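If you count by UniProt numbering, then the sequence shown holds residues 1 to 779, one letter each, in order.
In this text, a Cβ means the ideal position worked out from N, Cα and C, and glycines have one as well.
The structure displayed is predicted, hence computed values, not measured ones.
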Amino acid sequence: MRAASHPPRTRSDHQHITISGGRENNLKEVDLRIPKGRLTVFTGVSGSGKSSVVFDTIAVESQRQLNETFTWFIRNRLPKYERPHADAIEDLAPAIVVDQKPIGGHSRSTVGTMTDIYSVIRVLFSRHGTPSAGPATAYSFNDPSGMCPECAGLGRTVRPDYDRILDPAKTLAGGAILFPPFAVGTWQGQTYTNTTDLDTHKPVGEFSATERQFLMRGGGGRGKRAGKVNVDNTGGSRDIDYEGLADRFERLYLHRDLSALSQKTRDMVQPFLVEDHCPACDGARLNAAALATRVAGLSITDCTRMEVTDLIAALGRIEGPVAGPIAGAAVAALERVEAIGLGYLSLDRETSTLSGGEGQRLKMVRHLGSSLTGMTYIFDEPSVGLHPRDVGRLGDLLLRLRDKGNTVLVVEHDPDVIAVADHVVDMGPAAGADGGLVVFEGTPEELRAADTLTGRCLRRTSGVKEHPREPVGGEWIKGADLYNLKDVSVRVPTGVLTAVTGVAGSGKSTLISRVFLEQHPDAVAVDQSAIGISGRSTPATYLGIMDRVRGLFARRTGSEPGLFSFNSRGACESCQGRGIIYSDLAFMDPVTTTCAVCEGRRFKDEVLRLTVGGRSVVDLLDMTAEQALAFFEDFPDPAVRRRLAALRDVGLTYLTLGQPLSTLSGGERQRIKLATQLHRTGTTYVLDEPTTGLHMADVDGLLAMLDRLVDAGNTVLVVEHNLDVVKHADWVIDLGPDGGKHGGQVVFEGTPRELLGVRGSHTAEHLRRAVRVAGGGVG
1 MRAASHPPRT RSDHQHITIS GGRENNLKEV DLRIPKGRLT VFTGVSGSGK SSVVFDTIAV
61 ESQRQLNETF TWFIRNRLPK YERPHADAIE DLAPAIVVDQ KPIGGHSRST VGTMTDIYSV
121 IRVLFSRHGT PSAGPATAYS FNDPSGMCPE CAGLGRTVRP DYDRILDPAK TLAGGAILFP
181 PFAVGTWQGQ TYTNTTDLDT HKPVGEFSAT ERQFLMRGGG GRGKRAGKVN VDNTGGSRDI
241 DYEGLADRFE RLYLHRDLSA LSQKTRDMVQ PFLVEDHCPA CDGARLNAAA LATRVAGLSI
301 TDCTRMEVTD LIAALGRIEG PVAGPIAGAA VAALERVEAI GLGYLSLDRE TSTLSGGEGQ
361 RLKMVRHLGS SLTGMTYIFD EPSVGLHPRD VGRLGDLLLR LRDKGNTVLV VEHDPDVIAV
421 ADHVVDMGPA AGADGGLVVF EGTPEELRAA DTLTGRCLRR TSGVKEHPRE PVGGEWIKGA
481 DLYNLKDVSV RVPTGVLTAV TGVAGSGKST LISRVFLEQH PDAVAVDQSA IGISGRSTPA
541 TYLGIMDRVR GLFARRTGSE PGLFSFNSRG ACESCQGRGI IYSDLAFMDP VTTTCAVCEG
601 RRFKDEVLRL TVGGRSVVDL LDMTAEQALA FFEDFPDPAV RRRLAALRDV GLTYLTLGQP
661 LSTLSGGERQ RIKLATQLHR TGTTYVLDEP TTGLHMADVD GLLAMLDRLV DAGNTVLVVE
721 HNLDVVKHAD WVIDLGPDGG KHGGQVVFEG TPRELLGVRG SHTAEHLRRA VRVAGGGVG
């Protein structure tokens, strides 16, 4: 038989990434041709299918096929990717993904270690420093040869605060030990309340030095404890292994990995600890030999504590056949950090203290210095955390990657990023089941004229709020001097919507998310931290609705509540309540199939026969939030209706109650977290960049929700860059004038209209550009 002939593909066929019949998540047989060597931006409302195309289809298939080129030995140690649901995905290039996942990091992870710049600095000091401490590892605080022996390279020491643990006015028998596990009545506390070596009825503050030493450190041997020691249970005393109070506390809670303790235990211990700069290294993390080395009069700690901008200048002055090239390599890397708008950071800044936007931009740094070409770079909302001033810099960086001969794909909502694209793909027309279609392809100019939701949002203009609400009071922040804040005292008005603005690094998050919350602990904070998700987490479980749903079905059917849980007795025995069967085929790609027994419904058949109002628990989980609200009109439950209404208020009515949270976009996860906090009145809400992941149309819904919160008697405080939020606010607090050491001051307080006339504020400058009136001028 003669083989079927195929017409030769033209050169233009290979100039596009081609997707045929894409069906991942909510995609509806999507066909796409994405130009290579261009900057393509994917737009659309949250949940419209952008991430399903870019990350779950293109990125996954690229990484899956790349992994197939390695040996079985290596592939078995790499992440395994399942083949995306599509008829064909062709002409891919190796993909590098820069996502929004928090960079995390522990206390040993810094900006310097994350970017590898600190490694270059260490080489500089080992080759050119005097007196030399040895090889590069001798300058590493994560290596025994370089770390400070006192703090093990952490730069700080944690010690018990025995002034908090012991009340000197009380006796041991009367409750002098305030630490709960050692208190009167506990089994560990008996060591100290029943000892015969100390007067347990004498105030601890009156103990002699010898008695105090015995209490805290013991006598180096056995002690006496009162108790029933005779055969006839008469009184007496017996020898015991006495452990001093300090020795026991440090053994159980200090000289071990606290992360191994439960969160409840850590929360209990924390108030009895005090953290200080390490006295041996003064927080520098390194031993004396490493700290003694100098290059151009600077120690390695001097370098790591400088802001990046200042360090560029300092290293730029270093010359010599050995030191010059090394310093030059460090300067080149530092300049990439500065170019991405993070020149205010220092290399010793712990990564755990970075904002989401800062962390994502640092991920970009390592790729900006790459000489690879023909790659596909994929970015998930790189404008997150960026002031409008810095978005222009971001656009330049994306174009630089493109101009090296790479394909750049960006999921983005920011109009300024959309404007620099070569090609735009708009997904929609709505979210969830109503999305998953390509509603537009073309240039940014063509998108502005298109009849899509994104196009309409790009065409509209709006002015600042003309009639802001009047504050009903105020909450003060006093003497804030954390990080770069310069003794800031500012009054936050109550009963209104306040936007806190400023360029990255100006001190916004420090002022509000740290200082304000410390000084006003009753405020409700909704930050950017990730929500805990798994394949078993759903909107119903996350909002706390499922317990009440199980109770309702149990009461109405006369069954046990556990029968209506796919994590308990009601779970399908074949798939253990997952609804899917995940097959790890060793060296082959994993395969996920729908459970043939329960057909993906997660429950046993006997559970499906039990109904309330004609609906089974599976039917309820298949409902959207809007449909579930209608269902609970017949079965009133104020708590359930309130939580479902909160889901509606944050614009997530299209989510089904049983949809796995792992399938939600970043913007959807942010809003579902917000929905859990929207049931209070007379409260101060603090929101850290709530527009993260939101389309321009979704921002309208967010603002409407914030208005409802304020109108219900709450105070809302948002740390935000989005100019639509700033224009809509009642009050603005602008920090700056710049980032890092050039920030940390309040440069403006007042209404958005008053901000328009301010000079010397980057926020005011961009607000004036964004506000247009009919005559083309600034309102």
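When you compare each of the options to residue i by their alpha carbons, which one comes out closest?
i      : options                           : result
LEU362 : VAL120, LEU372, VAL384 and THR373 : VAL384
GLU754 : GLY614, ALA764, GLN745 and PRO149 : ALA764
TYR483 : ILE17, ILE581 and GLN745          : GLN745
ARG122 : VAL295, VAL488, LEU678 and GLN15  : VAL295
LEU386 : LEU261, GLU358 and VAL41          : GLU358
LYS170 : VAL184, PRO203 and PRO180         : PRO203
ASP622 : LEU702, GLU275, LYS604 and LEU657 : LEU657
THR715 : ARG550, LEU261, ALA525 and ASP700 : ALA525
SER509 : THR186, PRO94 and SER355          : SER355
Less than 7 Å between the C-beta atoms of residue i and residue j, yes or no?
i      : j      : result
LEU655 : PRO493 : no
THR309 : GLU338 : yes
LEU610 : VAL618 : no
ALA419 : PRO444 : yes
ASP161 : PHE249 : no
LEU345 : TYR377 : no
GLY577 : PHE564 : no
LEU706 : ARG643 : no
SER51  : GLY435 : no
ALA499 : ALA729 : yes
LEU178 : ASP167 : yes
VAL391 : ASP414 : yes
ASP365 : THR115 : The sequence given here places Val at residue 365; Asp does not occur at that position. Against a cut-off of 7 Å, the Cβ pair of THR115 and VAL365 comes out as a contact.
GLY505 : GLY736 : no
GLY155 : ARG285 : yes
VAL424 : LEU394 : no
ALA290 : GLU150 : no
PRO84  : THR57  : yes
Can you tell me whether residue i sits near the ligand ADP, meaning its C-beta is under 6 Å from at least one heavy atom of the ligand?
i      : result
GLN190 : Questions concerning the ligand ADP fall outside what the structure shown contains, since it holds no ligand whatsoever.
Quick one: using the 10 Å Cβ neighbour count with 16 as the cut-off for buried, is residue i buried or exposed?
i           : result
ASN233      : Because the pLDDT at ASN233 is just 41, under 50, the model does not fix this residue reliably, and the value given afterwards should be weighed accordingly. By the 10 Å Cβ count, ASN233 comes out exposed.
PHE516      : buried
residue 784 : Given a span of 1 to 779 for the chain in the structure shown, any question on residue 784 remains unanswerable.
LEU767      : buried
CYS148      : buried
GLY760      : exposed
ILE117      : buried
ILE165      : buried
ARG77       : exposed
HIS695      : buried
ILE89       : buried
PHE70       : exposed
ILE74       : exposed
GLY562      : exposed
TRP476      : exposed
LEU497      : buried
HIS6        : In this prediction, HIS6 scores a pLDDT of 48, lower than 50, which makes its location untrustworthy; no coordinate-derived value is stated.
GLU689      : buried
GLN15       : exposed
GLN100      : buried
Hey, quick one: how far does the alpha helix (DSSP H) through residue i stretch, first residue to last?
i           : result
residue 798 : For the chain, the structure presents residues 1 to 779; residue 798 sits outside this window and is missing.
GLN63       : 60-67
GLN213      : 209-217
PHE553      : 546-557
Grab the span of the beta strand (DSSP E) containing residue i for me, first residue to last.
i      : result
PRO94  : Per DSSP, PRO94 belongs to no beta strand (DSSP E) and is neither H nor E.
TYR685 : 684-688
PHE42  : 39-43
GLY442 : 437-442
LEU32  : 30-35
LEU342 : Counting along the chain, LEU342 falls outside any beta strand (DSSP E), and DSSP gives it neither H nor E.
TYR377 : 376-380
ILE177 : Run containing ILE177: none; DSSP gives neither H nor E here.
ASP276 : 273-277
SER489 : 488-494
With a threshold of 7 Å between beta-carbons, can residue i be considered close to chain D, or not?
i      : result
ALA333 : The structure shown contains no chain D; it holds only a single protein chain.
Assuming residue i contacts residue j (C-beta within less than 8 Å), just tell me the rounded distance between them.
i      : j      : result
VAL53  : MET427 : 7 Å
GLY218 : GLY189 : GLY218 to GLY189, Cβ: 16 Å. No contact.
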